[in-house]
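The sequence shown lines up with residues 14 to 465 when you count with our numbering. Just so it is clear, CB atoms sit at the ideal spot from N, CA and C, and this is done for glycine as well. If you're wondering where the values come from, they're calculated on a predicted model, not measured in any experiment.
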Amino acid sequence: MKKNKYEIDMCNGSIMDKLITFSLPLMLTSILQLMFNAVDIIVVGRFSGSQALAAVGSTTALINIFTNLFIGISLGANVLAARYFAAGRDREMSEAVHTAITLALISGIVMAFVGLGASRAALELMGTPEDVIDQSALYMRIYFMGMPFFMLYNYGAAILRAVGDTRRPLFFLGAAGLTNVALDLLLVIVIPLDVAGVAIGTVASQMISCILVIRCLCKTEGSYQLHFSKLSIRKVYLIRIFQVGIPAGIQSTVINFSNAMLQSSVNSFGSTAMAGYTAANNILGFLYAAVNAVTQACMSFTSQNFGVGKYKRMDRVLLDCVILSVGVSGVLGVGAYLFGTQLLGIYTGDAEVIQCGMEILSITTVPYFLCGIMDLLPGALRGMGHSAVPMVLSVIGTVGTRILWIYVFFPHHRSLYFLFISYPGSWIATILMQAVCFWFVRKRYGMQKAAA
Numbered sequence: 014m015k016k017n018k019y020e021i022d023m024c025n026g027s028i029m030d031k032l033i034t035f036s037l038p039l040m041l042t043s044i045l046q047l048m049f050n051a052v053d054i055i056v057v058g059r060f061s062g063s064q065a066l067a068a069v070g071s072t073t074a075l076i077n078i079f080t081n082l083f084i085g086i087s088l089g090a091n092v093l094a095a096r097y098f099a100a101g102r103d104r105e106m107s108e109a110v111h112t113a114i115t116l117a118l119i120s121g122i123v124m125a126f127v128g129l130g131a132s133r134a135a136l137e138l139m140g141t142p143e144d145v146i147d148q149s150a151l152y153m154r155i156y157f158m159g160m161p162f163f164m165l166y167n168y169g170a171a172i173l174r175a176v177g178d179t180r181r182p183l184f185f186l187g188a189a190g191l192t193n194v195a196l197d198l199l200l201v202i203v204i205p206l207d208v209a210g211v212a213i214g215t216v217a218s219q220m221i222s223c224i225l226v227i228r229c230l231c232k233t234e235g236s237y238q239l240h241f242s243k244l245s246i247r248k249v250y251l252i253r254i255f256q257v258g259i260p261a262g263i264q265s266t267v268i269n270f271s272n273a274m275l276q277s278s279v280n281s282f283g284s285t286a287m288a289g290y291t292a293a294n295n296i297l298g299f300l301y302a303a304v305n306a307v308t309q310a311c312m313s314f315t316s317q318n319f320g321v322g323k324y325k326r327m328d329r330v331l332l333d334c335v336i337l338s339v340g341v342s343g344v345l346g347v348g349a350y351l352f353g354t355q356l357l358g359i360y361t362g363d364a365e366v367i368q369c370g371m372e373i374l375s376i377t378t379v380p381y382f383l384c385g386i387m388d389l390l391p392g393a394l395r396g397m398g399h400s401a402v403p404m405v406l407s408v409i410g411t412v413g414t415r416i417l418w419i420y421v422f423f424p425h426h427r428s429l430y431f432l433f434i435s436y437p438g439s440w441i442a443t444i445l446m447q448a449v450c451f452w453f454v455r456k457r458y459g460m461q462k463a464a465a
């Protein structure tokens, strides 16, 4: 099955070393992306002040709400492509790829118009303070102009992940990120455009990563080669992508909606707390990047093995992924807690901002391995083509717990520490429900194989 040095045979041989080979470049890609995003925050925080830092940070949850539905749909493209690739179904693979890329282009254009028109109104609904809302709205409007590039890169990278290629997206993102850093320094320090400067740098870097991944797909000799003349939406593949992708996207969108409500609670403490949350949330982003890389590996490996009927191997994939995710998140989580003050000091020199950030990190970092386990179970279920029920359970467990916490308990104990107890609490509740769901689904496939 393996046709070039970038692809990975996920259906044969040892598992753990291939999981690491797959996950490590993806992990580095996500961490590199976050580091470049952190440069945005560091540069604007250091050279434009805490209000500009709060303005950029206050947009994160909203941007995720707007984009994560379509990013979630890219998971459907990943699962479908992985299944066709493993089974050697070249025609279906090609048609699924062209449908996915066309969908990415259309969704990117739609998101650009939605972001341009709805940014300020959405920020007002979140209760963004008057002293930062103008800068926040400006940042979001420029950011959303890059949505077509953003979507094309993410869908293209999802197709490459489906065949085991996580190294080339790392190279592409490296080139794009260096451009982002250079433009940040130019457009904030040399040409003082403040939040507009970091937004322009982000859009430019997204364009570069998009061009590189599309060029890669066009030049490949595999069944996933991209031809612009074949771009079209084929209903049968669109439906299959949506079956997995839409529930995943809804789940991510709703969870980020709960994070937006959490952001609103943080906003009630003022711009200092907002800046502390921005820095702390960026650090938590590095932890999520690590565990999400293992989740992506679990989904791709499960999908390929499901496509060829190797159910027992899927179980070994999940077990190895749990070991890998807990190990990585445990080391990074403890490290983030122990060196939290120093890490927050990178983003800002304001002692009050650092204190607010430490309140958040003290309750969220050490138990972060729970978040990894919580994501692995629905990742494995999506690899088997089951996405709707895991979505419902994740919404109930994560969003339900956080809403209950924000509106019932938090008003009586108003502190950032108490507010963010909702994170580990929601992780535990979701794990319990997802584990029951996984047991029933896996048992069904075991019975089907026995009957055959």
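Between which two residues does the alpha helix (DSSP H) carrying cysteine 311 extend? Cysteine 311 -> alpha helix (DSSP H) spans 284-320.
Could you tell me whether the Cβ atoms of glycine 385 and serine 439 are closer together than 8 Å? Result no, Cβ atoms of glycine 385 and serine 439 do not sit closer than 8 Å.
Inter-residue Cα distance where the pair is isoleucine 434 and glutamine 46: Between isoleucine 434 and glutamine 46, the C-alpha separation is close to 27 Å.
Between the beta-carbon of leucine 93 and the beta-carbon of methionine 312, is there less than 8 Å? Taking the C-beta atoms as reference points, methionine 312 is found no nearer than 8 Å to leucine 93.
Is it buried or exposed, aspartate 197, if we count other Cβ atoms within 10 angstroms and call 16 or more buried? Buried.
Below 8 Å on the Cβ atoms is my guess for alanine 310 versus serine 43; work out the distance and round it to an integer in Å. Wrong, their Cβ atoms sit about 12 Å apart, outside the cutoff.
Leucine 256, DSSP secondary structure in three states: Strictly speaking, residue 256 in this sequence is glutamine, with leucine absent from that position. In this structure, glutamine 256 counts as helix in the three-state DSSP scheme.
On the premise that aspartate 388 lies in contact with isoleucine 28, defined as a C-beta separation below 8 Å, what is that separation, rounded to the nearest angstrom? For a cut-off of 8 Å, the C-beta gap from isoleucine 28 to aspartate 388 is around 19 Å, too long to register as a contact.
Straight-line CA distance for phenylalanine 314 to glycine 320? Between the alpha carbons of phenylalanine 314 and glycine 320 lies a distance of about 10 Å.
Meets three-Cβ-pair contact criterion under 8 Å: the region 184-193 and the region 235-251: By the C-beta criterion, the region 184-193 is judged not to be in contact with the region 235-251, since fewer than 3 inter-stretch pairs fall below 8 Å.
Label arginine 104 either buried or exposed according to how many other C-beta atoms from any shown protein chain fall within 10 Å of its C-beta, with 16 as the threshold for buried. The residue is exposed, with fewer than 16 neighbouring Cβ atoms inside 10 Å.
Between the C-alpha atoms of leucine 32 and phenylalanine 255, what's the straight-line distance to the nearest angstrom? Distance between the alpha carbons of leucine 32 and phenylalanine 255 is about 26 Å.
Would you say phenylalanine 423 and leucine 432 are within 8 Å of each other, going by their C-beta atoms? Taking 8 Å as the Cβ cut-off, phenylalanine 423 and leucine 432 qualify as a contacting pair.
Go ahead and label leucine 445 buried or exposed: buried means 16 or more other beta carbons lie within 10 angstroms of its beta carbon, across all protein chains shown. So leucine 445 ends up on the exposed side.
C-alpha distance - methionine 164 paired with isoleucine 227, whole-angstrom precision: Methionine 164 and isoleucine 227: Cα-Cα distance of roughly 11 Å.
Taking all protein chains shown into account, do 16 or more other C-beta atoms lie within 10 angstroms of the C-beta of histidine 425, making it buried, or fewer, making it exposed? It counts as exposed.
Along the chain, where does the alpha helix (DSSP H) containing threonine 192 start, and where does it finish? From DSSP, the alpha helix (DSSP H) with threonine 192 extends over 180-197.
Could you please give the first and the last residue of the uninterrupted alpha helix (DSSP H) stretch that includes asparagine 25? From DSSP, asparagine 25 is part of no alpha helix (DSSP H); its letter is neither H nor E.
For the alpha helix (DSSP H) containing leucine 37, list its first residue and its last residue. First-last of the alpha helix (DSSP H) with leucine 37: 29-61.
I'd like the list of long-range same chain contacts for proline 260, defined as Cβ closer than 6 Å, with 5 residues on each side in sequence excluded. Within the same chain, and ignoring the five residues on either side of proline 260 in sequence, the residues whose Cβ sits closer than 6 Å to its Cβ are Ser400, Ala401 and Met404.
Assigned secondary structure, glutamine 368 (DSSP; H/G/I helix, E/B strand, else coil): Helix, per DSSP.
Is threonine 411 closer than 8 Å to serine 278 when the C-beta atoms are compared? When the beta-carbon positions are compared, serine 278 and threonine 411 stay at least 8 Å from each other.
Got a sec, what are the start and stop residues for the alpha helix (DSSP H) glycine 177 sits in? Careful: glycine 177 lies outside any alpha helix (DSSP H) and carries neither H nor E.
To the nearest whole angstrom, what separates the beta carbons of serine 71 and valine 176, a pair I think is in contact under 8 Å? With 8 Å as the limit, serine 71 and valine 176 do not qualify as a contact, their Cβ atoms being about 38 Å apart.
Exposed unless 16 or more other CB atoms sit within 10 angstroms - verdict on glutamine 7: Missing from the structure shown is residue 7; the chain here goes from 14 to 465 and no further.
Expressed to the nearest angstrom, what Euclidean distance is found between the alpha-carbon atoms of threonine 308 and glutamate 143? Distance between the alpha carbons of threonine 308 and glutamate 143: 39 Å.
Are there 16 or more other CB atoms within 10 angstroms of the CB of cysteine 231, so buried, or fewer, so exposed? Answer is exposed; the Cβ neighbour count stays below 16.
Simplified DSSP assignment, three categories, for glutamate 234: In the displayed model, glutamate 234 falls within coil according to three-state DSSP, outside both helix and strand.
With H, G and I counted as helix, E and B as strand and the rest as coil, what does DSSP make of aspartate 144? DSSP places aspartate 144 in helix when its eight states are reduced to three.
Taking 7 Å as the limit between beta carbons, can you name the residues of its chain near threonine 215, skipping five residues before and five after? Asp53, Tyr156, Gly159 and Asn193, listed in sequence order.
What is the DSSP secondary structure of glycine 398, reduced to helix, strand or coil? Correct three-state label for glycine 398: coil.
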